[in-house]
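Data first, discussion second: the structure below is written as structure tokens.
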Amino acid sequence: MAANDADDYVKAGKVLESSAGDKFEVGRKIGGGQFGQVYDAKHQKKNGEIDGIVALKMVKYGEDDDSEVMREIDNLNLVRDVENIIELKTVFDFDADDDHFKVLVFEKFGPSLEHLIKDRILCIANCIKIADTLLEIFEKFQKLGLCYKDLHSGNLLFCPELFHLKLTDFGLSEMSKRNAHKDPKAWKYVYDASSVALLMVCCRTDQKVITKPECSLADYSNEMRALKESLLESGMMFLLDFVKELISQLKGGEVSYPQLRRALSASQFTPPNKFFILTSSVPVMLA
């Protein structure tokens, strides 16, 4: 059973204390996934100072099944200096009855892209900004040797003012070799690159499915060709150069994020905006 489908690990009002003496008063459950549940919580420092609201991810932890949570912690430490990544503040252990948990404390961010695209589509300028931000993140991941492998709209969180977005959830990420273009398994990065294109489909149409990392290279190639043929009818011709470049890279077996970013902006008169567009005609849901 997925952790998100299980009973709540803790009740609202429960206070968890870290080994450093900080206290976290649990609020409402705000999400979860295969391995953990996420709650908002009020953070009180050891000296009694209230330090705002954070997000607690609680993962059941044991000596025999600790690989997922420890891998996520290692991955988060690896990418902590990458911009646009949700900040991991601290990690501590918590025991409840017969269960032992790893508690990951994250900065609290605003709504997810999944929430923002529910029953609406995003404007092209904001789609390009999202895609460009992700490609920049994945370029840095590739240099670090990290394959993200879990891109979907629920893992992109916006700040409350919707000026910035950050990527979260590294439980499925895995390490590859640093010299990615020489790595025979370099096609693993294909998922990260292809999923950016498919995420744009989610932002502009009512299609909500993202290709899974387990697909073969041929599957990705076929899906990108099908996407290219459907861009006009779905009002997404702004992605044509990007998808063409991605198909070319799939044929060559390499992923070059700088080239993909250039192709993404090739159809635009101006580069992606510094912030997301929020005006009277483009309201706070980025539509």
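With full-length UniProt numbering applied, the sequence shown corresponds to residues 1 to 287, in that order. Built from N, CA and C at the ideal position, the CB exists for glycine as well.
Distance, Cα to Cα, Lys14 vs Phe101?
14 Å
Buried or exposed: Glu139, going by 16 or more other Cβ atoms within 10 Å of its Cβ?
buried
- Query: Going along the chain, which residues of its own chain have a beta-carbon closer than 8 Å to the beta-carbon of Asp93, five neighbours each way excluded?
  - Reply: Ser19, Tyr61, His100, Phe101, Lys102 and Val103
Three CB pairs or more closer than 8 Å across the region 126-143 and the region 190-199:
yes
query: Where does residue 305 sit, in a helix, a strand or coil, going by DSSP?
result: Residue 305 is absent from the structure shown; the chain starts at 1 and stops at 287.
- Item | Segments of 4+ residues assigned as alpha helix (DSSP H) that fall wholly inside the region 220-267 | 240-252 and 257-265
Asp74 lies in the alpha helix (DSSP H); which residues open and close that run?
Ser67 to Leu78
*In or out: His43 buried (at least 16 other Cβ within 10 Å) or exposed?*
buried
Fill in: Three-pair Cβ contact test at 8 Å for the region 255-271 versus the region 149-159
no
_Considering only the alpha carbon of each residue, which of Ile124, Asp219, Met70 and Ala218 lies closest to Met237?_
Ile124
Inset, instruction - Label Gly48 either buried or exposed according to how many other C-beta atoms from any shown protein chain fall within 10 Å of its C-beta, with 16 as the threshold for buried. - result: exposed
task = Keeping to the same chain, check which residues put their C-beta closer than 7 Å to that of Lys185; ignore five residues upstream and five downstream.
result = Confidence is the limiting factor: at Lys185 the pLDDT is only 49, short of 50, which leaves the residue's position unreliable, though a coordinate-based value still follows. Same-chain partners within the cutoff: Ser176.
* What residues in its chain sit with their C-beta under 7 Å from that of Pro160, if we drop five residues either side in the sequence? -> Gly110
Inter-residue spacing [alpha-carbon to alpha-carbon] between Leu227 and Glu245: 13 Å
Inset, instruction - Decide if Phe242 is buried, meaning its Cβ has at least 16 other Cβ atoms within 10 Å, or exposed. - result: buried
message = Under 8 Å: do the region 110-119 and the region 65-80 share three or more Cβ pairs, one atom per stretch?
response = no
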